[in-house]
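Chemist:
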Amino acid sequence: MLSPNIVGRYQNIFLYPAIILFTGQLELDFFFCADDAADEFREHITARPVCIAQPTIREAIIHNTEDQSVYGNDAAPASKDVGAVVNAVHILRFLSSATARVGVAAVARGTGISPSTCFNILRTLARARFVAFHSADKSYTLGLAVAEMAAGMIGIGHAELIRPELERLALNYDMLIVLWRVTENGHLVLIDRAHSHTAVRVEMRIGLRVPQLIGAIGRCVAAALDLPSSELRRRFSTLRWQSPPSFETYAADVAAARERGWAIDDGQLYRGIITVAALVTDGNRQPRFGISGITISGQHSLERLAELGNDLREVAEVVGQSLFRGTAGTR
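Reading the sequence shown from the start, the letters are residues 109 to 439 in this note's numbering.
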């Protein structure tokens, strides 16, 4: 509720069920709407209902004032900066210095930008993958597109950069999503995983190691390596499956993975378990990582599994382009 004193002093107050806004020395810069964003802004309303408007870095930039806290010891630029771009840069810099995930409230406090503006910019940056949104706690971190723009990101490993995509896939498809590293000695090592808290799921431990050409991800690796038929047959003969496919079936699956960019294992590696996978390759088309969706048979339709396969392929392409530059993709 606004104080009667405030209402009495300022006549140009506009009240709307979704927006409270008024002009004058005082400013309520909160945006509230009845959708998924509501939870993000309830904390702002209770924690910081009214603030005294002071000149901020943002306002100094927009109004082209000479503020040395913005420009250092240099003179202010001759032309006006674009406020939205300046705000986006401030937000990205704040996220790059954050040591943990942060919500809209923390970003607003740290940058001096209003929560409503922060929210809209963060949503835009998330759609462009410059930031990653974590729906479980409604927080944000830097996204994969930042890695694509930079030569490298000190202190952030590949798995940490890919993790937001694993979480998104796990929530969207209600299954376990795992990240594999393709090693140089012919193995796949599970290095990260994400899962939905509501799904009945398979569990796999970090550090699990399997042969490079086995399962759905193994079919993708075989497609990328493009081995001669005799060598593929030799390596296939060393693999151990619970319900082994014939070599002809396996070779056909490899060809299909090369064509569509993802592969499926329907109860062959492990009975009762379906795996869908896509491969991350570097600029030389060499396999580097694999991303797999793993679920119990009968939980998802074939159409839904195909949607997952296409989504995995797209994520793998973005990861390859972001982390390894050049012409990266899936096989």
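From the three backbone atoms N, C-alpha and C, an ideal C-beta is built for every residue, glycine too.
In this text, all values refer to a predicted model and were calculated from it rather than measured experimentally.
Could you give the distance in angstroms between the alpha-carbon of Ile299 and the alpha-carbon of Glu411?
Modeler: Straight-line Cα distance between these residues: approximately 28 Å.
Chemist: Name the residue from Val388, Gly369, Gly401 whose alpha carbon lies nearest to the alpha carbon of Leu311.
Modeler: Rather than Leu, the amino acid found at residue 311 in this sequence is Glu. The residue with the shortest Cα to Cα distance from Glu311 is Gly401.
Chemist: Identify every residue that forms a DSSP beta bridge with Gly401.
Modeler: Bridge partners of Gly401: Ile285, Val384.
Chemist: Between the C-alpha atoms of Gln350 and Leu377, what's the straight-line distance to the nearest angstrom?
Modeler: Cα to Cα, the separation comes out at about 5 Å.
Chemist: Less than 7 Å between the C-beta atoms of Ala385 and Ala371, yes or no?
Modeler: Result yes, Cβ atoms of Ala385 and Ala371 sit closer than 7 Å.
Chemist: CB-CB under 8 Å to His242, same chain, minus the five flanking residues each way: which ones, in chain order?
Modeler: Excluding positions up to five away in sequence, the list reads Arg209, Tyr248, Thr249, Pro272, Glu275.
Chemist: Is the beta carbon of Asp374 less than 7 Å from the beta carbon of Ala324?
Modeler: Their beta carbons are not under 7 Å apart, which means Asp374 does not touch Ala324 by this criterion.
Chemist: Which two residues bound the contiguous beta strand (DSSP E) that contains Ser247?
Modeler: Taken as a continuous stretch (DSSP letters only), the beta strand (DSSP E) holding Ser247 covers 247-250.
Chemist: Would the beta-carbon of Ala253 fall within 7 Å of that of Phe238?
Modeler: A contact, by the Cβ cut-off of 7 Å.
Chemist: Give the secondary structure of Arg412 by DSSP, where H, G and I count as helix, E and B as strand, and everything else as coil.
Modeler: Residue state, collapsed to three classes: helix.
Chemist: Excluding five sequence neighbours on each side, which residues of the same chain lie with their C-beta closer than 6 Å to the C-beta of Cys226?
Modeler: So the list reads Val212, Val215, Ala216, once near-sequence residues are dropped.
Chemist: For Val308, I'd like the list of residues in its chain whose CB is within less than 8 Å of its CB, leaving aside the five on either flank, ordered along the chain.
Modeler: Excluding sequence neighbours, Val308 sits near Ile404, Gln407.
Chemist: Just reading off the alpha helix (DSSP H) that Asn233 is part of, what are its end residues?
Modeler: The question names Asn, yet the displayed sequence has Leu at residue 233. 223-235 is the span of the alpha helix (DSSP H), which, as asked, contains Leu233.
Chemist: Run the CB neighbour count on Ser409, radius 10 Å, all protein chains shown included, and call it buried at 16 or more, exposed below.
Modeler: Under this definition Ser409 is an exposed residue.
Chemist: Work out the CA separation of Gly315 and Met283 for me, nearest whole Å.
Modeler: Between Met283 and Gly315, the C-alpha separation is close to 19 Å.
Chemist: For Val193, tell me which candidate among Pro336, Ser224, Leu233 has the shortest Cα-Cα distance.
Modeler: Among Pro336, Ser224, Leu233, the Cα nearest to that of Val193 belongs to Leu233.
Chemist: At which residue ranges does the region 267-323 contain complete beta strand (DSSP E) runs of 3 or more residues, listed in the order of the chain?
Modeler: Within the region 267-323, the complete beta strand (DSSP E) runs of at least 3 residues are 284-290, 295-302, 317-319.
Chemist: Rounded to a whole number of angstroms, what is the C-alpha to C-alpha distance between Ala206 and Thr219?
Modeler: Distance between the alpha carbons of Ala206 and Thr219 is about 12 Å.
Chemist: Determine the direct distance from the alpha carbon of Pro223 to that of Val290, and round the result to whole angstroms.
Modeler: The alpha-carbon atoms of Val290 and Pro223 are separated by roughly 42 Å.
Chemist: For Ala244, which of helix, strand or coil comes out of DSSP?
Modeler: Note: Ala244 maps to coil in three-state DSSP.
Chemist: Just to confirm before moving on: does the CB-CB distance between Ala302 and Ile285 stay below 7 Å?
Modeler: Yes, the pair counts as a contact, with Cβ atoms nearer than the cut-off.
Chemist: Grab me the residues of Arg327's own chain with a C-beta within less than 6 Å of its C-beta, minus the 5 sequence neighbours each way, in chain order.
Modeler: Here the set comprises Asp361, Val362, Ala365, Ala371.
Chemist: Buried or exposed: Phe355, going by 16 or more other Cβ atoms within 10 Å of its Cβ?
Modeler: Exposed is the call here.
Chemist: Would you please state the rounded distance, in angstroms, between the beta carbons of Gly398 and Leu296? I believe it to be under 8 Å.
Modeler: The Cβ separation is near 6 Å, so the contact holds.
Chemist: Given this structure, state the Cα-to-Cα distance separating Arg368 from Phe344, to the nearest angstrom.
Modeler: Answer to the nearest angstrom: the Cα atoms are 22 Å apart.
Chemist: Give the straight-line distance between the Cα atoms of Ala424 and Arg313, rounded to the nearest whole angstrom.
Modeler: If I take the Cα positions, the gap works out to 22 Å.
Chemist: In the DSSP assignment, find the beta strand (DSSP E) that holds Asp361 and state where it starts and stops.
Modeler: Per DSSP, Asp361 belongs to no beta strand (DSSP E); it is in the alpha helix (DSSP H), 355-368.
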